[in-house]
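S.K.: One structure, pasted below without further comment.
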Amino acid sequence: MAGLAFFGFSLGLVVRADLGLAPWDVFHQGVSNQVGWSLGTVIVATSFVVVMLWIPIRERPGVGTLANAVLVGIWVDVSLWVLPEVLSSLVVRTVVLVVGIVVNGVATGLYIGARFGSGPRDGLMTGLAARGYSVRVVRTIIEAIVLISGFALGGSVGLGTVLFAVAIGPIAHQAIPFFTKFTSPTPKQTVTPSST
48 MAGLAFFGFS LGLVVRADLG LAPWDVFHQG VSNQVGWSLG TVIVATSFVV VMLWIPIRER
108 PGVGTLANAV LVGIWVDVSL WVLPEVLSSL VVRTVVLVVG IVVNGVATGL YIGARFGSGP
168 RDGLMTGLAA RGYSVRVVRT IIEAIVLISG FALGGSVGLG TVLFAVAIGP IAHQAIPFFT
228 KFTSPTPKQT VTPSST
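Position 130 of the sequence shown, counted from 1, bears residue number 177 in our numbering, the numbering being contiguous throughout.
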């Protein structure tokens, strides 16, 4: 739950930095601009549409998948309500962007490390990869589609988009195993009789 809260709040930070969003959030913001829904509402609606795409690829959602689908969007809207709408300078916006990306990577480690199921978008990627496609190719194609679609709909693309794409992988790569070790089952200890 903490991971999902931090994840949603981190997306709010990146939005408020106003320097460009991650590919999926470019799409979410573009849809939000077109339909007039809050960003969080679009994230929740998109999450459930993406989970429906799991059916033909035979992915099974976990409790964490459904929690992710609902809570991340709620926390995004909460963060946008709490955070100032306009930040004062480019330096402040850059700092907020970097903090948002770092928190997002750590939050990814928290919620994936809990091992309650992947998020809707990650599950789509891994499900397609399990059908014999390269994870790298699948992720690139999906993110290119949502980025181009979101940009066409008016989503924000910029320095933050590039920085997010470059930084999030290495941060999550460190965070996921770090938090997973706290939820991994401990091996049973075998007791050997002492020799007398």
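Every residue gets a Cβ at the ideal spot worked out from N, C-alpha and C, and that includes glycine.
Have a look at Thr173, Ala219 and Leu194 and flag the residue whose alpha-carbon is nearest the alpha-carbon of Arg105.
M.R.: Thr173
S.K.: Within 10 angstroms of the Cβ of Leu137, are there 16 or more other Cβ atoms? Answer buried if so, exposed if not.
M.R.: exposed
S.K.: Between Val145 and the rest of its own chain, which residues show a CB-CB distance below 8 Å, the 5 nearest in sequence each way excluded?
M.R.: Sequence-distant partners of Val145 (beyond 5 residues in either direction) whose C-beta falls short of 8 Å from its own C-beta, in its chain, are Leu210.
S.K.: Roughly how many angstroms lie between the CA atoms of Thr227 and Pro131, to the nearest whole one?
M.R.: 34 Å
S.K.: Assign Leu206 to buried or exposed, taking buried as 16 or more other Cβ atoms, counted over all protein chains shown, within 10 Å of its Cβ.
M.R.: exposed
S.K.: Under a Cβ-count criterion, where at least 16 other Cβ atoms within 10 Å of its own Cβ denotes burial, should Thr112 be classed as buried or exposed?
M.R.: buried
S.K.: Compute the distance between the beta-carbons of Gly120 and Ile218, then report whether it is under 8 Å.
M.R.: no
S.K.: Quick check on Phe163: does DSSP put it in helix, strand or coil?
M.R.: Coil at Phe163, not helix or strand.
S.K.: Going by Cα to Cα distance, which pick from Phe74, Gly55, Met48 and Ala116 is closest to Ser203?
M.R.: Phe74
S.K.: Tell me which residues share the same chain as Val185 and place their Cβ nearer than 7 Å to its Cβ, disregarding the 5 neighbours each side in the sequence.
M.R.: So the list reads Met172, Leu175 and Ala176, once near-sequence residues are dropped.
S.K.: Taking the C-alpha atoms as reference points, what is the distance between Tyr180 and Ile223?
M.R.: Approximately 23 Å, taken between the alpha carbons.
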